[in-house]
Amino acid sequence: MLELRLVQGSLLKKVIESLKDLVNDANFDCSSTGFSLQAMDSSHVALMSLLLRSDGFEHYRCDHGNFPMGMKLENLSKILKCAGNDDIITIKADGPGNDTVTFMFESPSQEKIADYEMKLMDIDSEHLGIPEAEFHAIVRMPSSEFARICKDLSSIGDTVVISVTKEGIKFSTKGDIGTANVVCRQNTTVDKPEDATIIEMQQPVSLTFALRYMNSFTKATPLSNTVTISLSSDLPVVVEYKIAEMGYIRFYLAPKIEE
Amino acid sequence: VNKQSQITSFFSPG
């Protein structure tokens, strides 16, 4: 028996919207830690890792140890679009061997209750171990600013060079029509803490990434006012959006490497 | 020329 009641159902809607363009189908894992997912895009260039901790749910029951539920994200997105933004979402499944999952949507005043049953699928997914890394630079900035920069640069070029120095974090691209550079300096003198740009640098770092993926990651912007970008030479970048009081969604993107 | 690397060359199954 699995029963997860999420009062802020819109969080789940936003999470799936941020993943569905990159991930076709994935196993959601339910364990005592929480509701989680790890999946790669079909080219194995990006890895997505989601955790919604069990204590963030109003009710969290998961009796079967680690219980993977294979879902096609496009179908899950269709179903979650039927939930109102203020609805409470309950996820129910009988356990291993059962091939359906039920989503129940309750309006805040309880005047409308809907349930949608979705078929589960068997998915062979490879779980990757993500080693603890010492990052050369960790930058926290407003998520809307990061989204704006990725969108702006993709009208000029296909790749972005992200460099962190004492001066700040620089995003550069070039394309047929010209070049673009955007520098964000550390800025902690802001009225609201979420507007700050905070740069922790152990050593300067510069890496090249495909902008198409970065732009996809920014679909998670509605989940958090801030984004954290962690960089180390010749390692995947980690773009993390915290999910209020519940967990996170992390996007890992393999760099482009000079041959 | 920059070549796109894959996540699987950094993280291994486990």
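Chains as they are written, first to last, in the numbering used here: chain A, 162 to 420; chain B, 6 to 19.
Note that beta-carbon positions come from the ideal geometry of N, C-alpha and C, so glycine has one too.
Keep in mind it's a predicted model, so treat the numbers as computed, not measured.
Would you call residue i buried or exposed, if buried means 16 or more other Cβ atoms sit within 10 Å of its Cβ?
i: G19/B; result: exposed
i: S14/B; result: exposed
i: I338/A; result: exposed
i: N227/A; result: exposed
i: T358/A; result: buried
i: K188/A; result: Checking the sequence shown, residue 188/A turns out to be Asn, not Lys. Flag for N188/A reads buried.
i: C243/A; result: exposed
i: D352/A; result: exposed
i: K417/A; result: buried
i: S204/A; result: exposed
i: K8/B; result: exposed
i: A371/A; result: buried
i: E267/A; result: buried
i: A275/A; result: exposed
i: P269/A; result: exposed
i: C354/A; result: For clarity, residue 354/A is Pro in the given sequence; the question names Cys instead. Flag for P354/A reads exposed.
Does residue i come within less than 8 Å of chain B when only Cβ atoms are used?
i: G318/A; result: no
i: E419/A; result: yes
i: T349/A; result: no
i: H297/A; result: no
i: H225/A; result: no
i: M426/A; result: With chain A covering 162 to 420 only, the question about residue 426/A has no answer from this structure.
i: P229/A; result: no
i: V206/A; result: yes
i: Y109/A; result: Here chain A covers residues 162 to 420 and nothing more, so residue 109/A does not appear.
i: P416/A; result: yes
What residues match up with residue i in a beta bridge as DSSP calls it?
i: H220/A; result: R166/A
i: V398/A; result: L414/A
i: T389/A; result: R301/A and E401/A
i: C191/A; result: F196/A and F228/A
i: K8/B; result: I418/A
i: A371/A; result: T320/A
i: A254/A; result: L163/A
i: E278/A; result: T263/A
i: M201/A; result: L208/A
i: C345/A; result: I330/A
i: R309/A; result: For R309/A, which the question treats as bridged, DSSP gives no partner whatsoever.
i: T340/A; result: K335/A
i: M362/A; result: A298/A
Between residue i and residue j, which are expected to be in contact by the criterion C-beta below 8 Å, what is the C-beta distance as a whole number of angstroms?
i: R309/A; j: T251/A; result: About 36 Å separates the two Cβ atoms, so there is no contact after all.
i: I410/A; j: L234/A; result: Actually they are not in contact, since the Cβ atoms of I410/A and L234/A sit about 13 Å apart, beyond 8 Å.
i: V300/A; j: V325/A; result: 6 Å
i: S193/A; j: S215/A; result: 6 Å
i: V344/A; j: E328/A; result: 7 Å
i: Y402/A; j: A415/A; result: The pair is not a contact, with the Cβ atoms about 19 Å apart (cut-off 8 Å).
Check your understanding: Residues in the segment 358-372 of chain A with C-beta within 8 Å of chain B's C-beta atoms, listed in sequence order?
Key -> Against chain B - using a Cβ distance shorter than 8 Å - the residues of the segment 358-372 of chain A are T369 and A371.
Check your understanding: For the segment 269-294 of chain A, which residues have a beta carbon sitting closer than 8 Å to at least one beta carbon of chain B?
Key -> The residues in question are E287, H288, L289, G290, I291 and P292.
Exercise for review: Below 8 Å between beta carbons is the criterion; list the residues of the segment 374-406 of chain A that meet it against any residue of chain B, in chain order.
Suggested key: Of all residues in the segment 374-406 of chain A, L396 and P397 have a Cβ within less than 8 Å of some Cβ in chain B.
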